[in-house]
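Structure first, then comments.
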Amino acid sequence: MAMLLAAATAAQAVERLDDSASPRSRVRAPVVLGEDGRPLQDSRNATRATVRFGRVDYKLSTARHAGRTARIYYVVPAAIPGLRSPSGLRVEWRGSGLFADGSAMPGERRLVWSGVVPGPWMTEGLDLTFHVDLRQLQLRPNEPFGFESYFEIEISP
5 MAMLLAAATA AQAVERLDDS ASPRSRVRAP VVLGEDGRPL QDSRNATRAT
55 VRFGRVDYKL STARHAGRTA RIYYVVPAAI PGLRSPSGLR VEWRGSGLFA
105 DGSAMPGERR LVWSGVVPGP WMTEGLDLTF HVDLRQLQLR PNEPFGFESY
155 FEIEISP
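Residues 5 to 161 in this note's numbering are what the sequence shown spells out, letter by letter.
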């Protein structure tokens, strides 16, 4: 019984962080390369693509948790329209100082920060790159490939 109560308490301590104050709500991929390093449209019979977004700035609302010990995770959603298998995508990021570098596949969450939440906002820029196995994509005509990754905060008891 105590284990069930502890699990329920831990589950309640995790929540998605509001990032609606971030500078850009939608980010377009300016550079898409085939596995030969050339632009994807110039790569013949490409099976893999690298999508470089560059720096994406986030502003996370942490006011409710200021002064508390916490962990922040970067989350790649499990269900991505047009992607047949989670193994068809790997997201990589490099933080600009506050958050740790890392990578994740769909359905995974990775720890990017831990400590005492410093105040009502946490801002960070991530240099984002997607590695896509084009054989795992099955998009409908005129359907763009995309999804929204997000951050979760887990408060320590």
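C-beta: ideal position from N, C-alpha, C; glycine also. Please read all numbers here as calculations on a predicted model, not as lab measurements.
Three-way DSSP call (helix, strand, coil) for residue i in this model
i: Ala108; result: strand
i: Arg139; result: helix
i: Asp22; result: coil
i: Ala17; result: coil
i: Leu8; result: Note that Leu8 scores a pLDDT of 49, beneath 50, so its modelled location is shaky; the value from the coordinates is reported in the next line. Reduced to three states, the DSSP call for Leu8 is helix.
i: Leu102; result: coil
i: Asp61; result: strand
i: Pro90; result: helix
i: Asp46; result: helix
i: Arg68; result: helix
Proximity to residue i [Cα-Cα], best of the options
i: Arg20; options: Ser160, Arg114, Phe155 and Pro161; result: Phe155
i: Pro81; options: Pro122, Trp117 and Gly111; result: Gly111
i: Ser91; options: Thr133, Ala108 and Arg144; result: Ala108
i: Ile157; options: Ala50, Val79, Ile84 and Gln142; result: Val79
i: Arg56; options: Arg113, Arg94 and Val121; result: Arg94
i: Ser100; options: Gly123, Asp61 and Gly38; result: Asp61
i: Asp23; options: Pro161, Val120 and Leu64; result: Leu64
i: Phe149; options: Leu44, Pro85, Ala25 and Ala50; result: Pro85
i: Arg114; options: Glu96, Pro161 and Ile159; result: Glu96
Bounding residues of the beta strand (DSSP E) (the contiguous stretch that carries residue i)
i: Ser118; result: Arg113 to Val120
i: Arg75; result: Thr73 to Val79
i: Ile84; result: Segment: none, Ile84 is in no beta strand (DSSP E) and carries neither H nor E.
i: Phe149; result: Note, Phe149: premise wrong, no beta strand (DSSP E); not H, not E.
i: Glu156; result: Tyr154 to Ile159
Proximity below 8 Å, CB of residue i to CB of residue j
i: Ile76; j: Trp117; result: yes
i: Arg88; j: Leu130; result: no
i: Asp137; j: Arg48; result: no
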